[in-house]
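Under the UniProt record's numbering, the first residue of the sequence shown carries the number 1, and numbering increases by one thereafter.
Have a look at the structure below before the remarks.
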Amino acid sequence: MKKSLVLAMAMALGVTASAYAANPFSDVPAGHWAYDSVNKLAAAGIVDGYGNGTFGGDRLMTRYEMAQIVAKAMAKGANVDRLAA
1 MKKSLVLAMA
11 MALGVTASAY
21 AANPFSDVPA
31 GHWAYDSVNK
41 LAAAGIVDGY
51 GNGTFGGDRL
61 MTRYEMAQIV
71 AKAMAKGANV
81 DRLAA
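This is the structure:
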């Protein structure tokens with residue numbers, strides 16, 4: 001009984017996590033031209049969007065936001081050519 005419950009919970013959490021991982025930002029639909037790039041950067045931990053679950057791609061980026069992205073990319077040793085491919 002306990003094993004079944006644990007297995008069911010693990011499966012439910014796995015489905016929820018994979019659904020979230022598939023599209024981390026509500027304002028970047030799967031058909032958007034930047035979808036793949038945004039998801040790669042999010043998966044690499046270089047961009048994290050806003051606290052409300054949006055990416056904010058239509059907003060102007062501040063110098064602070066750009067500095068944060070560059071710092072995260074440099075800290076992770078990101079290969080920009082590889083991310084763009």
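Ideal Cβ positions, reconstructed from N, Cα and C, are used throughout, including at glycine.
Asked	Found
Run of the alpha helix (DSSP H) containing Ser-37, from where it starts to where it stops	35–43
Buried/exposed call for Val-70, threshold 16 Cβ in 10 Å	exposed
Cβ-based neighbour list, Thr-54, same chain, cut-off 7 Å, excluding 5 preceding and 5 following	Phe-25, Ser-26, Asp-27
Extent of the continuous alpha helix (DSSP H) to which Tyr-50 belongs	First-last for Tyr-50: undefined, no H or E at that position.
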